[in-house]
Amino acid sequence: MTRMLVTILLVTFPIAGLTADPVPTESQLRIEGRVAFTEGPAWHPDGNVYFSDIVNNRIMRRDANGEMHVFRTPSGRTNGIQFDRQGRMLCCEGGGLDSKRRITRTELNGTITVLADRFEGSKFNSPNDLAIDSKGRIYFSDPRYGDRSDMQQRDADGREIEGVYRIDEVGKVSRIITHEVDRPNGIVVSPDDKHLFVADNVNDGPQGQGGNRKLWRFDLKEDGSVDPASRKLLFDWGTDRGPDGMAMDIEGRLYAAAGFNFPVPPVETANQHKAGIYVIAAEGGLLQFIPVPADMITNCTFGDADRKTLYITAGDKLWSIRTSTPGVTVWPR
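When we follow my numbering, the leftmost residue of the sequence shown carries the number 13, and every step to the right adds one.
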């Protein structure tokens, strides 16, 4: 595929102590590939970028030469993808009512291990995105967008739970967030394991009007549990489309995919936050905005040998842009 360059106008927000813009002003957005609906990019050190094509129920591979390949189909309508510290692919399979709604690991020999598909005997809602801490523990979000008729995760009062979970080993799962977040989506663990960042994006259904479109930070305890009282608001998208997938650079800045270029009433109305990557400080505050001319923007990840290319999934395309600072990747360290 021939790469295409897209001219954009970066918007930087001055904050004291910021030594350099996260993305250089001369950087140009590239189109790296097209499929039906892109999600969950993950970079592999052999030069491949993997991402999900949810509509066609497959995982795609864009090689170092820019060519596109089908890596796996069917994929369980995979959303979030991540490589663990051994280079094994982890997938959130949960993009539809017909999927098995589980977390899987593709072993180095190609076989697939189911890490978790239930909590306390009940099926998950729709595993969406995941992160890995320094001990190899896996954290994943479990929202439900669209049809909610078959949701099984409920509390003692019968209230629906869209939670965040931690996998310590195969089949050993703990719920670490129950109602502290309305609808968790993207998720990131800081490299020092001290913080868990959770995108909270309620943008459909009856709950959509007035629902959270916020980015939260929680303190993580040594045992991998969350301190609910530590919840801190880092950014609020108001009534626009809120945060989806996220990445982090080595200076602790978050790169959150969010926004819409065209309002979708009645749940997304203001249209003050355009589609793009919002670079947000770990303590809160918008540092820079990278516009992406596509609806909808879903996720991002760092890659390439120097970890200074940000790969972005938005609409039917895989995009990329060069950054000033390397990103955090789980593998290789």
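Each residue gets a CB set at the ideal place from its N, CA and C atoms; glycine is no exception.
| Item | Value |
| --- | --- |
| Run through DSSP, which three-state label would residue 152 get? | strand |
| If you reduce the DSSP assignment to three classes, tell me which class residue 138 lands in. | coil |
| With 9 Å as the threshold, decide whether the Cβ of residue 187 is near any Cβ in chain C. | In summary, chain C is missing from the structure at hand, where a single protein chain is found. |
| Check whether the segment 231 to 242 touches the segment 257 to 265, taking contact to mean three or more Cβ pairs, one atom from each stretch, closer than 8 Å. | no |
| Going by C-alpha to C-alpha distance, which of 238, 184, 311 sits closest to residue 208? | 238 |
| For a quick check, are the C-beta atoms of residue 64 and residue 73 less than 9 Å apart? | no |
| How should residue 320 be labelled, buried or exposed, when 16 other C-beta atoms within 10 angstroms of its C-beta is the threshold for buried? | buried |
| To which residues of the same chain is residue 167 closer than 8 Å at the C-beta, ignoring the five residues directly before and after it? | 173, 190, 191 |
| Quickly, what does DSSP pair residue 196 with across the bridge? List them, please. | 212 |
| Three-state secondary structure (DSSP) at residue 262? | coil |
| Grouping DSSP H, G and I as helix and E and B as strand, with all else coil, what is residue 157? | coil |
| Less than 9 Å between the beta carbons of residue 141 and residue 152, yes or no? | yes |
| So for residue 71, helix, strand or coil by DSSP? | strand |
| Can you name, in chain order, every residue of its own chain whose Cβ lies under 7 Å from the Cβ of residue 205, other than the five neighbours on each side? | 145, 146, 232 |
| Could you tell me which whole beta strand (DSSP E) segments of length 3 or greater appear in the segment 273 to 329? | 288 to 292, 298 to 303, 309 to 315, 321 to 326 |
| From the DSSP secondary-structure annotation, give me the bridge partner or partners of residue 164. | In the DSSP output, where bridge partners are listed per residue, residue 164 has none listed. |
| State the start and end residues of the unbroken beta strand (DSSP E) segment that holds residue 184. | 184 to 189 |
| Determine the direct distance from the alpha carbon of residue 280 to that of residue 252, and round the result to whole angstroms. | 5 Å |
| Is it right to say residue 351 is buried, meaning 16 or more other beta carbons lie within 10 angstroms of its own, or is it exposed? | Residue 351 lies beyond the range of the chain shown here (13 to 345); nothing can be said about it. |
| Give the secondary structure of residue 247 by DSSP, where H, G and I count as helix, E and B as strand, and everything else as coil. | strand |
| Could you check which residue in 83, 129, 56, 89 has the C-alpha nearest to that of residue 98? | 56 |
| By the DSSP assignment, the beta strand (DSSP E) with residue 94 in it spans what residues? | 90 to 95 |
| Please say whether residue 247 and residue 297 have beta carbons closer to each other than 9 Å? | yes |
| Quick check on the DSSP output: the beta strand (DSSP E) that includes residue 227 runs from which residue to which? | 225 to 232 |
| My output table needs one value for residue 63: the three-state DSSP class, helix, strand or coil. | strand |
| Run through the DSSP bridge pairs and tell me what residue 124 is partnered with. | 118 |
| In chain order, what residues of the same chain lie with their CB nearer than 7 Å to the CB of residue 35, ignoring the 5 residues before and after it? | 22, 300, 302, 333, 335, 336 |
| Is the distance from the Cβ of residue 157 to the Cβ of residue 138 below 9 Å? | yes |
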